[in-house]
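Novice:
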């Protein structure tokens, strides 16, 4: 994420005075332009307390993001709407989150860590309160859109703070712990959501993030500190509108394309045009909302495309597998969430393993192998789901999640390493944005197709369980086709990366060889 480097301390953090709020603060120097600047970084216990708060913040963000994945069937049933309409609780969330991610760097520079994070806690709190009292589907959708502001802010900002605060010897470990916190949220959100949904109902789901938001908001008053220089940086509203409108129009058309083809295609075209204008504007204005300079590097673009396709695989499992378990296998939401917990934990473990392998051996053959494992898991899942073998099917899902875990962090590291250091942070922001876009596209494509299939089949008199099974099989075959193409691309990407790595080793060894001969 793009931000200014933190300023040098004026004096040790331990010597700062106490404010009336009881938090530690540094004397503020006033620069010539009148902007407030925080002159120091917390150390010791204050630093570790803020670090723990950052990890808790990403745990909240990941929980908010996956809160409704297990609840689409219950939402469609309770509000008497289609699955594609219920899916807007996920789609709208990711569209807003992606838009806010593009603004996060500018907001951080303008307002500082403390205001940005406190605003994130407050929006999560307000959105959760609205969700608990939602009187109809639009009110619940509004609650999700408000919660999405938190995710859009926290994911890029927390990573930036960890990299700034962490001692050099512990930065990699703390980033891995941060990924683990996100993984814990992703793993246990379906389990806890399923438990609450089964025994307390749909609206009670929002009580969990409500409690988490209230606790973090209270802790934020004491443990949040501004650590970056401020800039009076303008936020380009036209870019914000183009980003949001383009994403919304494209995803809406994709979600409805199986129902009304021509209007949906026109909507997707309008959305693509809006996103194209957004990209053009970023190169044309002095202060871009999202610096797109990394997109000039072909290897980065190639790797990010593969990353998006791999991430869509995990989105498929987090949304479509629960629909199968509840709609076809007859599981309760709690049982479905419990069955999903182990495969997602496999993903978290594979992320850590993939990172260690990439550090030692590079992306070859790790990336192609990861996509092969993912593809094999999907193919096996097709056979198991067709025969209603729930436990073997979840084992296949676990294998597929391992493939995603091997691919996702490895590609991120390789893509960012291919960039010049000066634009590394901008590449990280683009990566975070593309993750949200991939989630939106995957959700719209797969849930939209499954919803159209089930609605059509149920209108013909076919039982709900059989209609869900047919829709699941149809979408799974599409996912397998996409992953087969992606695997070929991953082989090409891995071989190119291997060749460049070998050339780099040879070029580094030449001077030493010459000196030895001399």
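Numbering (UniProt numbering), first residue to last: 1 to 518. Yeah, the Cβ is synthetic: ideal placement off N, Cα and C, and Gly gets one too.
Sorted by chain position, which residues of the same chain lie with C-beta nearer than 6 Å to residue 340's C-beta, five sequence neighbours on each side aside?
Specialist: Working through the chain shown from its first residue, we reach residue 340 at position 340. Within the same chain, residue 340 has close Cβ partners 190.
Novice: Compare the C-alpha of residue 127 against each of 205, 295, 282, 398 and name the closest.
Specialist: Here residue 127 refers to the residue found at position 127 of the chain shown. Ranking the options by Cα distance to residue 127, first place goes to 205.
Novice: Alpha carbon to alpha carbon, how far is residue 377 from residue 44? Give it in angstroms, no decimals.
Specialist: Looking up residue 44 in the chain shown gives position 44. Looking up residue 377 in the chain shown gives position 377. Taking the straight line from one Cα to the other gives about 46 Å.
Novice: Could you spell out where the alpha helix (DSSP H) holding residue 160 opens and where it closes?
Specialist: Residue 160 sits at position 160 when you count from the first residue of the chain shown. Segment 137-165, the alpha helix (DSSP H) holding residue 160.
Novice: Is it right to say residue 291 is buried, meaning 16 or more other beta carbons lie within 10 angstroms of its own, or is it exposed?
Specialist: For this step, residue 291 is matched to residue 291 along the chain shown. By the 10 Å Cβ count, residue 291 comes out buried.
Novice: Just checking my contact of residue 411 with residue 367 at CB under 8 Å: how many whole Å lie between their CB atoms?
Specialist: Position 411 of the chain shown, counted from the first residue, corresponds to residue 411. Position 367 of the chain shown, counted from the first residue, corresponds to residue 367. Right, the Cβ-Cβ distance comes to about 6 Å (below 8 Å), so this counts as a contact.
Novice: Can you tell which of 293, 471, 390 has its C-alpha closest to the C-alpha of residue 419?
Specialist: What you label residue 419 is simply residue 419 of the chain shown in a count that begins at 1. Residue 293 is the option with its Cα nearest to residue 419.
Novice: Within 10 angstroms of the Cβ of residue 437, are there 16 or more other Cβ atoms? Answer buried if so, exposed if not.
Specialist: In the chain shown, counting from the first residue as 1, residue 437 sits at position 437. Buried, because 16 or more other Cβ atoms sit within 10 Å of the Cβ of residue 437.
Novice: Could you please give the first and the last residue of the uninterrupted alpha helix (DSSP H) stretch that includes residue 95?
Specialist: By one-based count along the chain shown, residue 95 stands at place 95. Start and end: 88-132.
Novice: What do you get for residue 70, buried or exposed, if any count of 16 or more other CB atoms within 10 angstroms of its CB means buried?
Specialist: The sequence position of residue 70 within the chain shown is 70, counting from 1. Residue 70 comes out buried.
Novice: Which class does residue 236 belong to by DSSP, given the choice of helix, strand or coil?
Specialist: Here residue 236 refers to the residue found at position 236 when the chain shown is read from its first residue. Residue state, collapsed to three classes: coil.
Novice: Tell me where the alpha helix (DSSP H) around residue 45 begins and ends.
Specialist: Taking the chain shown and counting its residues from 1, one reaches residue 45 at position 45. Residue 45 -> alpha helix (DSSP H) spans 44-66.
Novice: Using DSSP with H/G/I as helix, E/B as strand and the rest coil, what is residue 85?
Specialist: Working through the chain shown from its first residue, we reach residue 85 at position 85. Helix at residue 85.
Novice: In this structure, how does DSSP classify residue 378 when only helix, strand and coil are distinguished?
Specialist: As a working mapping, residue 378 is identified with position 378 in the chain shown. The answer is helix: DSSP assigns residue 378 an H, G or I state.
Novice: Distance cutoff 8 Å, beta carbons only. Does residue 250 sit that close to anything in chain C?
Specialist: Although the question refers to chain C, the structure presented lacks it and comprises just one protein chain.
Novice: Cβ of residue 72 within 8 Å of Cβ of residue 319?
Specialist: The residue you call residue 72 lines up with position 72 of the chain shown. The residue you call residue 319 lines up with position 319 of the chain shown. It is a contact, given that the beta carbons lie within the stated cut-off.
Novice: What are the boundary residues of the alpha helix (DSSP H) that includes residue 318?
Specialist: Along the chain shown, one-based indexing puts residue 318 at 318. That run of the alpha helix (DSSP H) goes 298-327.
Novice: How big is the Cα-Cα spacing for residue 25 and residue 47?
Specialist: As a position in the chain shown, residue 25 is number 25, starting the count at 1. As a position in the chain shown, residue 47 is number 47, starting the count at 1. At residue 25, the pLDDT of 41 sits below 50, so the modelled position is not reliable; the number obtained from the coordinates is stated separately. Answer to the nearest angstrom: the Cα atoms are 12 Å apart.
Novice: So what does DSSP say about residue 21, is it helix, strand or coil?
Specialist: The residue labelled residue 21 in the question sits at position 21 within the chain shown. Unreliable positioning characterises residue 21 in this predicted model, as indicated by a pLDDT of 37, which lies under 50. A coordinate reading is not provided.
Novice: According to DSSP, simplified to helix, strand and coil, what is residue 331?
Specialist: Here residue 331 refers to the residue found at position 331 of the chain shown. Correct three-state label for residue 331: coil.
Novice: Classify residue 65: buried if its beta carbon has 16 or more other beta carbons within 10 angstroms, exposed otherwise.
Specialist: Here residue 65 refers to the residue found at position 65 when the chain shown is read from its first residue. By the neighbour-count rule (16 or more Cβ atoms within 10 Å), residue 65 is buried.
Novice: Which same chain residues, not among the five before or five after residue 214, have their C-beta less than 7 Å away from its C-beta?
Specialist: Here residue 214 is taken as the residue at index 214 of the chain shown, counted from 1. Same-chain partners within the cutoff: 125.
Novice: Take residue 392 and list the residues in its own chain whose beta-carbon comes closer than 7 Å to its own, dropping the five residues that flank it on each side.
Specialist: Counted from its first residue, the chain shown places residue 392 at position 392. Excluding sequence neighbours, residue 392 sits near 384.
Novice: For residue 364, report the span of its alpha helix (DSSP H) as first-last.
Specialist: Position 364 of the chain shown, counted from the first residue, corresponds to residue 364. Neither: residue 364 is in no alpha helix (DSSP H) and is coded neither H nor E.
Novice: So what's residue 409 in DSSP terms, helix, strand or just coil?
Specialist: Along the chain shown, read from residue 1 onward, the residue named residue 409 stands at position 409. Three-state result, residue 409: helix.
Novice: Going by DSSP in three states, residue 201 sits in which element: helix, strand or coil?
Specialist: Numbered from its first residue, the chain shown carries residue 201 at position 201. Coil at residue 201, not helix or strand.
Novice: Thinking just about the alpha-carbon of each residue, which of 471, 381, 408, 440 is nearest to the one in residue 304?
Specialist: Counting from 1 along the chain shown, the entry for residue 304 is found at position 304. Closest by alpha carbon: 408.
Novice: Could you spell out where the alpha helix (DSSP H) holding residue 218 opens and where it closes?
Specialist: As a first step, residue 218 is located in the chain shown; it is residue number 218 there, counting from the start. Element bounds for residue 218: 207-223.
Novice: Could you name the residues of the same chain whose beta carbon sits closer than 7 Å to that of residue 74, not counting the 5 residues immediately before and after it, in chain order?
Specialist: Taking the chain shown and counting its residues from 1, the one referred to as residue 74 is at position 74. Taken in chain order, the residues that qualify are 197, 202, 333.
Novice: My output table needs one value for residue 69: the three-state DSSP class, helix, strand or coil.
Specialist: The sequence position of residue 69 within the chain shown is 69, counting from 1. Three-state result, residue 69: coil.
Novice: Only counting the same chain, and skipping five residues up and downstream in sequence, which positions put a Cβ closer than 8 Å to that of residue 102?
Specialist: Taking the first residue of the chain shown as 1, we reach residue 102 at position 102. Excluding positions up to five away in sequence, the list reads 239, 240, 243, 289, 290, 429, 433.
Novice: Closest by CA to residue 490, which one among 147, 372, 212?
Specialist: For the purposes of this step, residue 490 is taken as the residue at position 490 of the chain shown. If we check each option's Cα against that of residue 490, 372 comes out closest.
Novice: For residue 382, which residues from the same chain have a beta carbon less than 8 Å from its beta carbon, with the 5 sequence-adjacent residues on both sides left out?
Specialist: The residue labelled residue 382 in the question sits at position 382 within the chain shown. 473, 476, 477, 480, listed in sequence order.
Novice: Which term fits residue 387, buried or exposed, when burial requires 16 or more other beta carbons within 10 angstroms of its beta carbon?
Specialist: Along the chain shown, read from residue 1 onward, the residue named residue 387 stands at position 387. By the 10 Å Cβ count, residue 387 comes out exposed.
Novice: Which residue from 262, 469, 449, 344 puts its Cα closest to that of residue 327?
Specialist: Within the chain shown, numbered from 1, the residue matching residue 327 stands at position 327. Among 262, 469, 449, 344, the Cα nearest to that of residue 327 belongs to 469.
Novice: Can you round the beta-carbon distance between residue 116 and residue 153 to whole angstroms, since I take them to be within the 8 Å contact cut?
Specialist: To locate residue 116, count along the chain shown from 1; it is residue 116. To locate residue 153, count along the chain shown from 1; it is residue 153. 6 Å between Cβ atoms; contact.
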